[in-house]
Amino acid sequence: MKRFSFLAACLLMAGMMHGQVADRQTYLNEFKKEMQVKWPKNRTLNIVFHGHSVPSGYFHGGVVNTMQAYPHLVFHGIKTQYPYTVLNVLTTSIGGEQAEQGEKRFADEVLTHRPDVLFIDYALNDRSIGLERAEKAWRKMVEAALAKGIKVILLTPTPDLKENILDEKTPLAGHAAMIRRLAAEYHVGLVDSYQLFKEKAAKGEDLKAYMSQNNHPNSAGHSCVAGEIMAWFF
Numbered sequence: 204m205k206r207f208s209f210l211a212a213c214l215l216m217a218g219m220m221h222g223q224v225a226d227r228q229t230y231l232n233e234f235k236k237e238m239q240v241k242w243p244k245n246r247t248l249n250i251v252f253h254g255h256s257v258p259s260g261y262f263h264g265g266v267v268n269t270m271q272a273y274p275h276l277v278f279h280g281i282k283t284q285y286p287y288t289v290l291n292v293l294t295t296s297i298g299g300e301q302a303e304q305g306e307k308r309f310a311d312e313v314l315t316h317r318p319d320v321l322f323i324d325y326a327l328n329d330r331s332i333g334l335e336r337a338e339k340a341w342r343k344m345v346e347a348a349l350a351k352g353i354k355v356i357l358l359t360p361t362p363d364l365k366e367n368i369l370d371e372k373t374p375l376a377g378h379a380a381m382i383r384r385l386a387a388e389y390h391v392g393l394v395d396s397y398q399l400f401k402e403k404a405a406k407g408e409d410l411k412a413y414m415s416q417n418n419h420p421n422s423a424g425h426s427c428v429a430g431e432i433m434a435w436f437f
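Numbering-wise (the working numbering), the sequence shown opens with residue 204 and increments by one.
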């Protein structure tokens, strides 16, 4: 009986661990150690941002402000924190793309870069294909990356001012909830951009201050997302 109880407790604990988002303090521990290795024992490390127009750096009217977009801000932040690392930060994102399209080119255009850490940000555009199709595509990408031993961090969407971010029943709220669920199920990382901006709105902040147009953050909005991402590397 005692043995059965012990096994049951172990299985319960394993299930609980599997059903949680990865711990921000420990998930990238090995990667953070590698970023501290000095020449000649270091190696080139790769971070890839995969998604749509937001990680691509699109602001207003088709202008692409690469240097103010969150991937580049993260690159700069990591290099400030880890001056000895040799690091590539790559964007495989395409403006206007949704997750099904991103999944189709995942093997040839994402995995080929051999990322150590992968970020996925597609939810804004996934509204065009719906939750069921989007979830299937996200699962394929996550599972393909994990099979290669890649650390995966999922991003919930940044705001679209045409939706009320305080309304739990909007399309974006549904996609954000799905992404949170996948992060917990696969025990990978989560950057909850949607919750970040939702909390700002709940405090009375006007989200227009963070947006260059209704669905593209400005430099302030990208800085907010970059800050949440950088917390995984400290």
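C-beta atoms are modelled at their ideal positions from N, C-alpha and C, and glycine is treated no differently. Since we're looking at a predicted model, the values are computed, not measured.
Per-residue DSSP class, three states only, for residue i
i	result
Y273	helix
Y230	coil
P374	helix
Y261	strand
G392	strand
H253	strand
A337	helix
Alpha carbon of residue i to alpha carbon of residue j, nearest angstrom
i	j	result
W341	E303	8 Å
L349	R317	12 Å
K343	V224	18 Å
V292	G407	35 Å
A387	L231	16 Å
K236	K365	42 Å
L375	Y397	8 Å
M267	G299	The sequence shown places Val at residue 267, not Met. Rounded to the nearest angstrom, the two C-alpha atoms are 13 Å apart.
G254	A337	13 Å
V289	N249	9 Å
M270	H425	10 Å
L314	V277	20 Å
Buried or exposed (CB count within 10 angstroms, at least 16 for buried), residue i
i	result
L369	exposed
S331	exposed
M381	buried
W435	buried
N418	buried
G260	buried
F437	exposed
D329	buried
Integer-rounded CB distance, given that residue j should sit under 8 Å from residue i
i	j	result
Y285	M238	4 Å
L393	R383	6 Å
V251	T295	6 Å
Cβ-based neighbour list, residue i, same chain, cut-off 6 Å, excluding 5 preceding and 5 following
i	result
V355	L321, V345, A348, V391
P362	I368, F400, L410
Residues of its chain near residue i, where Cβ-Cβ distance is below 7 Å and the 5 sequence neighbours each way are ignored
i	result
F520	Since the first and last residues shown for the chain are 204 and 437, residue 520 lies out of range.
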